[in-house]
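So for the sequence shown, my numbering puts the first residue at 63; every next one is plus one.
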Amino acid sequence: MSAIAKHLLPDTAVIGADGVMSIGGCSLLDVAKQFGTPVFVYDEEHLRARCHEAVAAFGEQRVIYATKAFFTTAMAKLAHDEGLLLDVATGGELFVALHAGVPASSCVMHGNNKSVDELRMAIEAGVRHIVVDNFDELDRLDALHAQGLPAPRVQLRITPGVSVHTHEYIATGQNDSKFGFNLGNGDAHKAAARARASASVDFVGVHCHIGSNVFAVENFTHAAKIMVDLANELEVDELTLGGGLGVAYLEGEHASSITEWSVHLLAATQELRRTTKVFVEPGRSIVASAAVTLYQVGTIKPIPGVRTYVSVDGGMSDNPRPVMYGSGYEAFMPARANADRTEAIRMVGKHCESGDVLINEAMIPAGLQVGDLLATPVTGAYGHSMGSNYNKVTRPPVVFVRNGEARLVVRRETYEDLVRLDMA
Ligand SMILES: *Cc1c(COP(=O)(O)O)cnc(C)c1O
């Protein structure tokens, strides 16, 4: 197999005459030396370019970044700075957004089981709107209003009954889902009637999100048309079509750009009432290919006739996607980024589980040695944000690179951090 494909790399990735890859003008070898490994390296230009692309495609105040894909104070500031609103699904995500200085009026509150405290926090802070998921939540909003809180603007999350081609854990638009009011069984209409008649909410729109890492454009347009009909029927001012655009993780995969996605989505909303505003909530497509993770090789164990295991200094604690979804990744050597990748290895982590596999069969250049760096591209989404402390492995730092400068935006966890919550 040849060198790593360009479409899997951050926008500013370049390979020098010496074969060393740089991102944002920073040599990956220098970044590893300065910050240690493992480390998440994000191309700040790439992040900004994707935010910019989304706003150009869908309009100002119409793009809501799904923070769960990757969220830190720096990312909150960056997305806000680029004109995106923020989708937060817990009190914790709302806290980080507010901590970063993002006004609540730029935040949208999500979640299928918002607690009374989370709802109160969202209303008191003054979020732009709340996406109400179920009848119990409408009960809680009634109770909060009875306690004197103002009526928040709400959209209703609708389950349009659309099945998508993705992993079942991240398909969310089918009838058999924990999310939203089912359109098919009449719940959506019941919820709309209740919300409209209620003094405790200001019913402004409907929302759907059919799943994540979806490649088939027809899945999006199908759901969009169903939602357009509903929005027209209910005569609401706002329609949110969710996120979910797939990204390429492997050499052979190709995904639509945000611009291409917008062309299809907006075409599917042609019949929408002119006064209804359309929102989208991209997460993965903004951040996934902005980052690579750098690891150092610790052990190489060839088992003749079986395979070679290469252990790196991270694993399922910094990237649980392979374990959770069987997701595939590619690997490359930052020091020899042009080299043909001719050797098949299994890239594994340092956790005490045989399932701690990062890449089942990774192709890498011949001659890998203990101490070398390996990188996995397209690790900007659902890696850092889903990370854990399993085995008391300290979480890696996050570094933003841009114009030759490497900026530490999340420091590496320390051993002291591992006991900071222990009370006895
Ligand atoms: C996760 C999520 C998104 C973003 O999905 P991506 O696949 O990361 O684009 C958008 N909206 C809602 C409600 C979500 O739960």
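Ideal Cβ placement from N, Cα and C applies to all residues, glycine included.
Computed from a predicted structure; not experimentally measured.
Item to check | DSSP-derived helix/strand/coil call for Asp105 | outcome: Asp105 falls in the strand class under three-state DSSP.
Checklist entry - Among Ala397, Val374, Pro427, Arg398, which has the Cα closest to the Cα of Arg413? => result Checking the sequence shown, residue 413 turns out to be His, not Arg. The shortest Cα separation from His413 among Ala397, Val374, Pro427, Arg398 belongs to Val374.
Checklist entry - In three-state DSSP terms, what is Glu144? => result Here Glu144 sits in coil by DSSP.
Checklist entry - Where does Leu218 fall in DSSP's three states? => result It is a strand residue.
Checklist entry - Between His142 and Val368, what straight-line distance do the alpha-carbon atoms span, to the nearest angstrom? => result A straight-line Cα-Cα distance of about 50 angstroms links His142 and Val368.
Checklist entry - What first and last residue would you give for the alpha helix (DSSP H) that runs through Ile288? => result Start and end: 279–296.
Checklist entry - Is Ala131 helix, strand or coil by DSSP? => result In the structure shown, Ala131 sits in a helix (DSSP, three-state: H, G or I).
Item to check | Val461: first and last residue of the uninterrupted beta strand (DSSP E) it sits in | outcome: Where Val461 is concerned, the enclosing beta strand (DSSP E) stretches over 460–464.
Next on the checklist: Only counting the same chain, and skipping five residues up and downstream in sequence, which positions put a Cβ closer than 6 angstroms to that of Leu71?
Outcome noted: By the criterion of a C-beta distance shorter than 6 angstroms, Leu71 is surrounded in its chain by Pro439, once the five residues flanking it on both sides are discounted.
Item to check | Alpha carbon of Asp264 to alpha carbon of Arg190, nearest angstrom | outcome: Annotation: Asp264 to Arg190 spans about 12 angstroms, alpha carbon to alpha carbon.
Item to check | Same chain, Cβ closer than 8 angstroms to Thr456, neighbours up to 5 away in sequence not counted | outcome: Only Arg474, Glu475, Thr476, Tyr477, Asp479, Leu480 meet the Cβ criterion.
Checklist entry - What is the DSSP secondary structure of Leu70, counted as helix, strand or coil? => result Leu70: helix per DSSP, three-state reduction.
Item to check | Short Cβ contact (7 angstroms threshold) for Thr355 with Phe102 | outcome: With respect to Phe102, Thr355 sits close: the two C-beta atoms are nearer than 7 angstroms.
Item to check | Straight-line Cα distance separating Gly433 from Val472 | outcome: Going by the C-alpha atoms only, they are around 24 angstroms apart.
Item to check | Nearest to His326 (by Cα), restricted to the options Pro366, Asp291, Glu300, Ala285 | outcome: Ranked by how close their Cα comes to the Cα of His326, the residues Pro366, Asp291, Glu300, Ala285 have Ala285 in first place.
Checklist entry - Going by DSSP, what residues sit across from Cys113 in a beta bridge? => result According to DSSP, Cys113 bridges with nothing at all.
Item to check | Rounded separation between Ala307 and Val276 - CA only | outcome: Note that residue 307 corresponds to Leu in the displayed sequence, not to Ala. Between the C-alpha atoms of Leu307 and Val276 there is a straight-line separation of about 5 angstroms.
Checklist entry - DSSP puts Ser84 in a beta bridge; with which residues? => result Per the DSSP secondary-structure output, Ser84 pairs in a beta bridge with Val76, Ser89.
Checklist entry - Using CA coordinates, which residue listed in Leu312, Ile288, Tyr311 is at the minimum distance from Leu301? => result Among Leu312, Ile288, Tyr311, the Cα nearest to that of Leu301 is on Ile288.
Next on the checklist: Is Ala128 close to ligand 1? I mean its beta-carbon at under 6 angstroms from any heavy atom of the ligand.
Outcome noted: With a threshold of 6 angstroms, the Cβ atom of Ala128 counts as near ligand 1, since some heavy atom of the ligand is closer than that.
Item to check | Unbroken alpha helix (DSSP H) run spanning Ser347, endpoints | outcome: Residues 346–349.
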